[in-house]
Amino acid sequence: MAYGNFGGFGGANLGNLMRQAQKMQEEMTRAKQELEESEFTSSVGGGMVEVKMMGNRELKSIKIKPEVVDPEDVEMLEDLVVSAVNDVLGQISRKEKESMPSMPGMM
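Each residue of the sequence shown is one higher than the one before, counting from 0 in numbering that gives the first Met the number 0.
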């Protein structure tokens, strides 16, 4: 048994593997930072409710048009806000999956 080759990897091969792993880590860090700094917007109810959120899931703003505020139907407004927030979170999740480099055996 050869103890010096790390289970079959030669020194050069191990060095290449380590460089590839470091490069992948750098790409993942860069992609994560870009995602976190991106702004996502969702508009629902024909533009009645708009939500802006950063890629790090920090809520930036919620805009509600006055005509959608009906004291007799608060539930509709609540549903619109929930729908807009869920939509923008879905956008972030999809972008996250698209932008993160994939590694064999991961994700």
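We put the beta carbon where it would ideally sit given N, CA and C, even for glycine. Since this is a predicted model, take the numbers as computed values, not measurements.
One thing to note: Gly44 has its Cβ within 8 Å of the Cβ of Leu79. Annotation: the continuous alpha helix (DSSP H) that includes Met75 extends over 73 to 98. Using a C-beta cut-off of 8 Å, the region 10 to 27 makes no contact with the region 35 to 54, since fewer than three inter-stretch Cβ pairs fall below that distance. Secondary structure of Met27 (DSSP, three-state): helix. Residue nearest to Ser37 within the set Gln19, Arg56, Ala20, Met47 is Arg56 (criterion: CA-CA distance).
Counting along the chain, Ser60 sits inside the beta strand (DSSP E) bounded by residues 58 to 63.
According to the DSSP assignment, Met53 belongs to the beta strand (DSSP E) that extends over 48 to 53. Per the DSSP secondary-structure output, Val43 pairs in a beta bridge with Val48.
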